[in-house]
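What follows is a single structure, written as structure tokens, with notes after it.
Numbering (our numbering), first residue to last: 1037 to 1311.
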């Protein structure tokens, strides 16, 4: 079997569905960052262990868990409170943890993004893989922008099954507040990010889809009208219009997010220029 790590902060609304999807998991750890609602009580009632730690950033929280929390199993799946495991993913992770494959540190897993009750694969670039399932002693992350990324030295495989990410588990107002906060973190990371050593052309032509996606992001961060460009890319080029009203709403949110990042970068530039 494998263990599950869930990061939380005031997730009483989303946590029950997340925990209910973990049927058969014998070790669930909730790493909580000071919730003031019923998050901890809900987790404990479901049989999960609750560990309290002040939030620093996503990568640091996850690395702390791997270093200091004694998981019952060698393999750990990282799940957020607004996400759920599928039966297929539970089965695939169980089989892999039983095999305990050597020479590999973890696995990339693609989420199915759910917005207003509908899967929106086209405007979310499905499958967009993330490092989520790894060996407890070898799985590590680095902080990039508002989120985390797999440590570059890790050897990763790729799973076939997916997990569900319910974006609209939050209200529209909460989503806007969340993405405005993310925008400020992305802007700060724009200036702190080390220069890439591999030429951009080679990254764009890479056989690895994740490398290509990150190269495109690096280009988009330097283009004018990036919000409008992202909308045209997601809704038109990627076929977001096929995802219906939910796809349109999501593409508008992401276009606004890009605009907020651009505004934050401009503000930081003004503050960095000596008067």
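Glycine included, C-beta positions come from ideal geometry on N, C-alpha and C. Here the structure is a predicted model, which is why all the values come from computation and not from measurement.
#1: Which residues bound the beta strand (DSSP E) around residue 1088?
#2: Have a look at residue 1263 and residue 1290 and give me their C-alpha separation to the nearest angstrom.
#3: Could you name the residues of the same chain whose beta carbon sits closer than 6 Å to that of residue 1047, not counting the 5 residues immediately before and after it, in chain order?
#4: For residue 1259, count neighbouring Cβ atoms within 10 angstroms of its own Cβ and tell me buried if that reaches 16, exposed if not.
#5: At which residues does the alpha helix (DSSP H) containing residue 1140 begin and terminate?
#6: Under the three-state reduction of DSSP, which class applies to residue 1183: helix, strand or coil?
#7: What residues are listed by DSSP as bridge partners for residue 1120?
#8: Taking one C-beta from the segment 1126-1146 and one from the segment 1069-1089 each time, how about it: are there three or more such pairs within less than 8 Å?
#9: Opposite residue 1167 in the DSSP bridges: which residues?
#10: With burial defined as no fewer than 16 other Cβ atoms inside 10 Å of the residue's Cβ, what is the status of residue 1270: buried or exposed?
#11: Helix or strand or just coil, what does DSSP make of residue 1069?
In short:
#1: 1085-1088
#2: 8 Å
#3: 1075 and 1117
#4: exposed
#5: Taken as a continuous stretch (DSSP letters only), residue 1140 belongs to no alpha helix (DSSP H), as it is neither H nor E.
#6: strand
#7: 1200
#8: no
#9: 1144
#10: buried
#11: coil
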